[in-house]
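J.:
There are 2 protein chains.
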Amino acid sequence: MITYDLELGWRADEEANERMTEAFGNLVYEREKGVAGYYNLPEDSKLIVSEVQAFASSNEVIQKCDTIVVIGIGGSSLGAKAVDSMLRHRYPGARRMLFLENPDPVDILEKFATITKERSLFLVISKSGTTVETMSIFKAVIDHFHIDLDGDDKERIIAITDEGSALCHFVDHHGIKAYTIPHNVGGRFSVLSSVGIVPLTLAGYDTCTLLAGAASMVERFFDAQEEHLLIKAAFIAKNWETYRMNVLFAYATCLEDFAKWYVQLWGESLGKIDRCGNRVGPTPAGHIGSVDQHSFLQLVMQGPRDKSVTFLKVERFEKDLEIPDIRLEHIQKSDFVNGHTFNELINAECDATRRSVMKEGVPVDSITLDRIDEANIGELILYYELLTSLTGAMLHIDTYDQPGVELGKRILVKTFQKGPNG
Amino acid sequence: MITYDLELGWRADEEANERMTEAFGNLVYEREKGVAGYYNLPEDSKLIVSEVQAFASSNEVIQKCDTIVVIGIGGSSLGAKAVDSMLRHRYPGARRMLFLENPDPVDILEKFATITKERSLFLVISKSGTTVETMSIFKAVIDHFHIDLDGDDKERIIAITDEGSALCHFVDHHGIKAYTIPHNVGGRFSVLSSVGIVPLTLAGYDTCTLLAGAASMVERFFDAQEEHLLIKAAFIAKNWETYRMNVLFAYATCLEDFAKWYVQLWGESLGKIDRCGNRVGPTPAGHIGSVDQHSFLQLVMQGPRDKSVTFLKVERFEKDLEIPDIRLEHIQKSDFVNGHTFNELINAECDATRRSVMKEGVPVDSITLDRIDEANIGELILYYELLTSLTGAMLHIDTYDQPGVELGKRILVKTFQKGPNG
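So the protein lines, in turn, are chains A and B. Oh and the first sequence: position 305 is 412 in my numbering, straight run, nothing missing. Oh and the second sequence: position 144 is 251 in my numbering, straight run, nothing missing.
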């Protein structure tokens, strides 16, 4: 169960109410017309789960694997990585997931050193099938592990890509297994498509429940509108020039990759030129409590009032540990938590920080998970995706394109045509 | 060697020149009067290195250790963690460093499971000696590993704290070894004090060269003013209401913790109420290339012009790997990098992204390390500390205090007095 609380110090006026109605209508339209495909993934991806489970249970190569190597970058890796980070401690028996993302040679070689080909499955993930980092790392994998694409090794490779993509043609050519990504699902919205579901299912996570949690959020939203979501989106869209940043303060170490996923989802979707030609978009930032309340909090408290803060809290941690009732000579000042647990401490810190931030007049909202489990994670993913779509609709932008990242790609190609040092 | 390039599209006017002169004078004053002690650490901490090395080489307990456990949070851990992350791949023989920071029970228990008391040294680090997270984790360590504070176990404990602090009295009481932190060095400026130097030296890093790199930056700055630093600080201070965020885009996976260190240094130092009572301060953000150029870059390119971007690049990686000259059927489109190396690719991506961002009129500067080594890291640390002090001086704030984090601490204490659920 997740509870959502808004303490924005803001009341939606008529204009905001109109925006909400319009944006909700937009999302209904997007869903019906297939403008964005992610709304349907919680239902549609169930089939993928059963197919992958059936395939894996009868496949000897997979049965012998203890590592799922994901070759992908950005939207092709961050979602599965976030879910893996959140659930790992609950699944000690899950297959290790290893992400080859950054084209950093030191990073790649360090990860290669931990991979045994005979116990690994390689998932190469790219929507277009031409992502230069992913394809370069894939080639390095082929070379380093002596993978014979036309021999037995091809059973250790699975591709996840758009139908008809270059990568799709490649795997057809070699008879390599592939899963497709719906055309209308962009990378950053793809965690519940084959992009996330295939690797997570192969690792051994309960992706059915993940999808069920997501489905419940989609249903509730389209049936009952989830007013808190509409109001939060309206607040952000209306006030983005004042509150230019939304800081996600997540109070559990395992939420760090989720915060990164949120940053990419929000940043790439909402940083746009709107239909009037204006550059718009609030900036997302991810921070981890209680570590970052020892630093970044100062800026939130006394710096300019240009931020809103979202507190993400977990009521009950999977394991807990008591703060022993030990009295250390001279350091009794911190004994006030003795006999309590770390679960209590970190949550009390979250609450105390939230109250201190509110006292400074910073707009705050809270998302409280009763625990970290598949259903809650599924819901949380959908919550953020819907929030992004709503905010995008209210900002009058195209939430689903990313024209701004193309220029750099073109310059890169030209650089190599001239020679990388020329 | 590090090179610094500014492409800010901005020319310092007379007012900015005055600010620079004044701020430089401020730092000279701070150094002479001991307002901030970090200026002297590159010289003063040399003694600590030799003392620690002598102590460690003759100490049997340490000789048998393969793990340095750092118990500390925020400024007490992030600096050493950043240096460890950057240097680790060059020191395969260095002792493992483990950071117990966040009071998250799952995180703590996972780390406990990897610790063997007989091969571990526990460094408890807190300036005040009363940090509730650190003291609570320290108590959990004592309890979990059955540490007898009055027996042989006390040789596995070292405290790092302010002279006269509660923790200082505690270790005196038990005859436990301690290193002190100069009173005029705040947590976020403390990486080159005993806070960072003791654990890093114990781990086996060449901290002498780290300090030498830092010393060279201090000398060059106070002798020759390093104009690029003054101009960058003036640009940020003058334009912070326009360019509200500085995004550090670091192109190497191992720079991620350094980016976090930068975020805490900058955020906690510069987010303040100035002497006229105004809330001021630019917001720092850390991103990793090329991963984040697949997402956050969109916001930089087409979102509002409220960011400046700093590109941090490493010319020569410690290891490299060729992108094999393999032609994969149907995916020739990415073959333009074949035969080049990943070192070339990631840097060409950095350059291409920088050029595309500049083309959009975003103020950009670049910091280029010829390689990641101790001397460059030391210089880079000082560069950022000086930049922070200069910017703070120009913003007319107290760069070294952090009153904004105190309220939450008081609320926390009250919460527990009432009971954490009350």
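Heads up, the beta-carbon is just placed ideally off N, CA and C, and yes, glycines get one too.
Between TRP368(A) and the rest of its own chain, which residues show a CB-CB distance below 7 Å, the 5 nearest in sequence each way excluded?
T.: Counting only Cβ-Cβ distances below 7 Å, and skipping sequence neighbours, we find LEU185, GLY186 and ALA189.
J.: Can you tell me where the alpha helix (DSSP H) holding LYS339(B) begins and where it ends?
T.: 334-346 is the span of the alpha helix (DSSP H), which, as asked, contains LYS339(B).
J.: Is GLY182(A) helix, strand or coil by DSSP?
T.: Three-state DSSP puts GLY182(A) in a helix.
J.: Between which residues of its own chain and CYS383(B) is the CB-CB distance below 8 Å, once the five residues before and five after are set aside?
T.: Hits under 8 Å: HIS503.
J.: Name the two residues that bound the continuous beta strand (DSSP E) containing GLY535(A).
T.: Residue numbering for chain A in the displayed model covers 108 to 529; residue 535(A) lies beyond these limits and cannot be assessed.
J.: Find out if the Cβ-Cβ distance for the pair GLY515(A), LEU404(B) is shorter than 8 Å.
T.: Contact: yes.
J.: Would you identify the three-state DSSP class for ASP472(A), choosing helix, strand or coil?
T.: Strand, per DSSP.
J.: Can you name, in chain order, every residue of its own chain whose Cβ lies under 7 Å from the Cβ of ARG386(B), other than the five neighbours on each side?
T.: Correct list, in chain order: ILE380.
J.: Excluding sequence positions up to five away, which residues of its chain have a Cβ less than 8 Å from the Cβ of VAL464(B)?
T.: Closer than 8 Å at the Cβ level, and outside the excluded window around VAL464(B), lie LEU404, VAL407, MET408, VAL416 and VAL471.
J.: Once DSSP output is grouped into helix, strand and coil, what is the label at ALA201(B)?
T.: Coil, per DSSP.
J.: Please classify HIS290(B): is it buried, with 16 or more other beta-carbons within 10 angstroms of its beta-carbon, or exposed?
T.: With fewer than 16 other Cβ atoms within 10 Å, it is exposed.
J.: Measure from the alpha carbon of GLY181(A) to the alpha carbon of each residue in HIS394(B), LYS234(B) and PHE131(B), then state which is nearest.
T.: Considering only alpha carbons, the answer is HIS394(B).
J.: Among residues of its own chain, excluding the 5 on either side of ILE109(A), which ones have a beta-carbon nearer than 7 Å to its beta-carbon?
T.: ILE474, THR475, LEU476, ASN483, GLU486 and LEU487, listed in sequence order.
J.: For HIS530(A), which residues in the same chain have their Cβ closer than 7 Å to its Cβ, ignoring the five residues on either side in sequence?
T.: There is simply no residue 530(A) to check, as chain A begins at 108 and stops at 529 in what is shown.
J.: Should GLU451(B) go down as buried or exposed, given a rule of 16 or more other Cβ atoms within 10 Å for buried?
T.: By the 10 Å Cβ count, GLU451(B) comes out buried.
J.: For the beta strand (DSSP E) containing ALA392(B), list its first residue and its last residue.
T.: Run containing ALA392(B): 390-395, per the beta strand (DSSP E) assignment.
J.: How is MET108(A) classed by DSSP in three states: helix, strand or coil?
T.: In this structure, MET108(A) counts as coil in the three-state DSSP scheme.
J.: In or out: GLY526(B) buried (at least 16 other Cβ within 10 Å) or exposed?
T.: By the neighbour-count rule (16 or more Cβ atoms within 10 Å), GLY526(B) is not buried but exposed.
J.: Go to ILE304(B), then tell me how far its alpha helix (DSSP H) extends in each direction, as first and last residue.
T.: Here the alpha helix (DSSP H) through ILE304(B) covers 301-310.
J.: With DSSP collapsed to three states, give me the class of SER165(A).
T.: Coil.
J.: Could you give the residue range of the alpha helix (DSSP H) that holds ALA319(A)?
T.: Unbroken alpha helix (DSSP H) run through ALA319(A): 314-331.
J.: Relative to the C-alpha of GLY271(A), which residue among GLU481(A), ILE265(A), ILE288(A) and GLU225(A) is closest?
T.: With distances taken between Cα atoms, GLY271(A) lies closest to ILE288(A).
J.: Taking the alpha-carbon positions, what's the ILE175(A) to HIS437(B) distance?
T.: Distance between the alpha carbons of ILE175(A) and HIS437(B): 25 Å.
J.: For chain C, is any of its Cβ atoms less than 8 Å away from the one on CYS361(B)?
T.: You won't find chain C in this structure, because its protein chains are A and B.
J.: Mark GLU492(A) as exposed unless 16 or more other C-beta atoms lie within 10 angstroms of its C-beta, in which case mark it buried.
T.: GLU492(A) should be labelled buried.
J.: Do you know whose CA, among GLY396(B), SER402(B) and SER397(B), lies nearest THR390(A)'s CA?
T.: The shortest Cα separation from THR390(A) among GLY396(B), SER402(B) and SER397(B) belongs to SER402(B).
J.: From the beta carbon of HIS290(A), is the nearest beta carbon of chain B less than 8 Å away?
T.: No, HIS290(A) lies away from the interface with chain B (no Cβ there is under 8 Å from its Cβ).
J.: Is it right to say ASN124(B) is buried, meaning 16 or more other beta carbons lie within 10 angstroms of its own, or is it exposed?
T.: Burial call: exposed.
J.: Can you name the start and end residues of the beta strand (DSSP E) that ILE433(B) belongs to?
T.: Where ILE433(B) is concerned, there is no enclosing beta strand (DSSP E), given that its DSSP letter is neither H nor E.
J.: Answer with yes or no whether the minimum CB distance from LYS525(A) to chain B is below 8 Å.
T.: No, because no Cβ of chain B sits closer than 8 Å to the Cβ of LYS525(A).
J.: Please name the residue, chosen from LEU154(B), TYR312(B) and VAL370(B), that lies closest to ASP191(B) on a Cα-to-Cα basis.
T.: It is TYR312(B).
J.: Bridge partners for PHE523(B) per DSSP, in chain order?
T.: Note: PHE523(B) sits in no beta bridge, so no partner.
J.: Listed from N- to C-terminal order along the chain, which residues in the region 248-280 of chain A have their beta-carbon within a distance smaller than 7 Å of any beta-carbon of chain B?
T.: The region 248-280 of chain A vs chain B, Cβ under 7 Å: ILE249, ASP250, ALA273, LEU274, HIS276, PHE277 and HIS280.
J.: What are the uninterrupted segments assigned as beta strand (DSSP E) that are 3 or more residues long and contained completely in the region 184-252 of chain A, given in chain order?
T.: Entirely contained in the region 184-252 of chain A, the beta strand (DSSP E) runs reaching 3 residues are, in chain order, 203-207 and 227-232.
J.: Check whether the Cβ atoms of LEU336(A) and TYR145(A) lie closer than 8 Å to each other.
T.: Against a cut-off of 8 Å, the Cβ pair of TYR145(A) and LEU336(A) comes out as no contact.
J.: With a threshold of 8 Å between beta-carbons, can GLY384(B) be considered close to chain A, or not?
T.: So no, GLY384(B) is outside the interface.
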